[in-house]
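> For the sequence shown, the positions run 28 to 319 when this note's numbering is used.
The structure follows.
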Amino acid sequence: MSMHASMFGKPSSERGMAPRRDALVPTACRVISHHDENSDTSTLTLAAPEHEFPGFRSGQFMMVYARAVGEIPLSISGDPTRTDHTVVHTVRAVGAVSRALHEACVGDVVGIRGPFGAGWDLESAKDDLIVVAGGVGLAAVRSAVLEALACGRFRRIALHVGARRPSDLLYSADLDTWSRGNVVDVELSVDVADPAWRGHVGFVTQSLGRGVLEPESTTVLLCGPEPMMRMSARTMIGRGIAPQNIRVSLERNMQCGAGLCGHCQLGELLLCRDGPVVDYSVAEPLLVVKEL
Numbered sequence: 028m029s030m031h032a033s034m035f036g037k038p039s040s041e042r043g044m045a046p047r048r049d050a051l052v053p054t055a056c057r058v059i060s061h062h063d064e065n066s067d068t069s070t071l072t073l074a075a076p077e078h079e080f081p082g083f084r085s086g087q088f089m090m091v092y093a094r095a096v097g098e099i100p101l102s103i104s105g106d107p108t109r110t111d112h113t114v115v116h117t118v119r120a121v122g123a124v125s126r127a128l129h130e131a132c133v134g135d136v137v138g139i140r141g142p143f144g145a146g147w148d149l150e151s152a153k154d155d156l157i158v159v160a161g162g163v164g165l166a167a168v169r170s171a172v173l174e175a176l177a178c179g180r181f182r183r184i185a186l187h188v189g190a191r192r193p194s195d196l197l198y199s200a201d202l203d204t205w206s207r208g209n210v211v212d213v214e215l216s217v218d219v220a221d222p223a224w225r226g227h228v229g230f231v232t233q234s235l236g237r238g239v240l241e242p243e244s245t246t247v248l249l250c251g252p253e254p255m256m257r258m259s260a261r262t263m264i265g266r267g268i269a270p271q272n273i274r275v276s277l278e279r280n281m282q283c284g285a286g287l288c289g290h291c292q293l294g295e296l297l298l299c300r301d302g303p304v305v306d307y308s309v310a311e312p313l314l315v316v317k318e319l
């Protein structure tokens, strides 16, 4: 048996597992696609058994398990409107579990629990959508962009993406398709350019101060490092958008995913249950408290 096969185990059909949807018990899913976004980040497409397929909403997350290593929370980065019984996750290798998942091969099996948490709730969003992502935070908002494009009700979708270097940008094919097709206004920013880079160099928040917007008709989605989200939110508030029309995706030490263990507590919130997506009007006073 290969290293990956022993690490990720066998699919449920080979172990005689009965159908179940227990939030604390992983469902075995086979990796059917592995795409390297860059040297330390990959996107995995997982096929779930049809009778155990967990439908999801954009902005929700799964607890993803690598056998004999552990599990971590990962945002769902796929299209929630698809019905092909697949779940898509993008993972950056920063620890033992994320590295094991990053190195998973097609045919390996991983476990998933979920989906968990509150999503982006695009049904209640305004006519214009501004999406801001920093680094791997793009993984958490990609599902929202895909859902927004699929539903077709938004007058305008703008996507502002920031990364450390051009090589760190995720979903290059998506970004190219969206910008070339004029279906999404894509603004890319990097902190450090390479010789081939022709885009903006600087903070992603700088591009938010440009362009025309209608504050009463705009909803903003933010995901990335918390300082970036605070700066972006303040910029948007300065341009007239109400805090309750700004939504942020927050991360803490999520473990159970079901609101039981309390590790993800932020003030009065349990982010695995009350988040990860919350209105900035709720998040703002919590994000300025260092102890939280």
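Virtual Cβ for every residue (Gly too), placed ideally from N, Cα, C.
How is G208 classed by DSSP in three states: helix, strand or coil?
DSSP places G208 in coil when its eight states are reduced to three.
> Let me know the secondary structure DSSP gives R94 once reduced to three states.
In the structure shown, R94 sits in coil (DSSP, three-state: anything other than H, G, I, E or B).
> Of all Cβ atoms in chain C, is any one closer than 9 Å to the Cβ of V213?
Checking the listed chains, one finds no chain C in this structure; it contains a single protein chain.
> For V247 and E174, I'd like the C-alpha separation in whole angstroms.
V247 and E174: Cα-Cα distance of roughly 15 Å.
> On a CA-only basis, which of F181, Q233 and V228 is nearest P193? Give me that one, please.
When each option's Cα is compared against that of P193, the closest is V228.
> When DSSP labels each residue in this structure, what does R192 get in the three-state scheme?
Note: R192 maps to coil in three-state DSSP.
> Specify the secondary structure class of M281 as computed by DSSP and reduced to three states.
Reduced to three states, the DSSP call for M281 is coil.
> Let me know the secondary structure DSSP gives M44 once reduced to three states.
Interpretation of M44 is limited by its pLDDT of 32, a score under 50 that renders its predicted location unreliable; the figure taken from the coordinates is listed afterwards. Residue state, collapsed to three classes: coil.
> For a quick check, are the C-beta atoms of P270 and Y307 less than 9 Å apart?
Closer than 9 Å, so yes.
> Residue range of the beta strand (DSSP E) that C250 falls in?
Element bounds for C250: T245 to C250.
> Where DSSP assigns a beta bridge to I273, which residues make up the other side?
Per DSSP, V247.
> Can you tell me the Cα-Cα spacing of E278 and G267, whole angstroms?
Rounded to whole angstroms, E278 to G267 spans 27 Å at the Cα level.
> Nearest-angstrom Cα distance between E311 and G238?
Distance between the alpha carbons of E311 and G238 is about 25 Å.
> Locate the alpha helix (DSSP H) running through H129, then write down its first and last residues.
Looking at the DSSP string, the run of the alpha helix (DSSP H) that includes H129 is A123 to H129.
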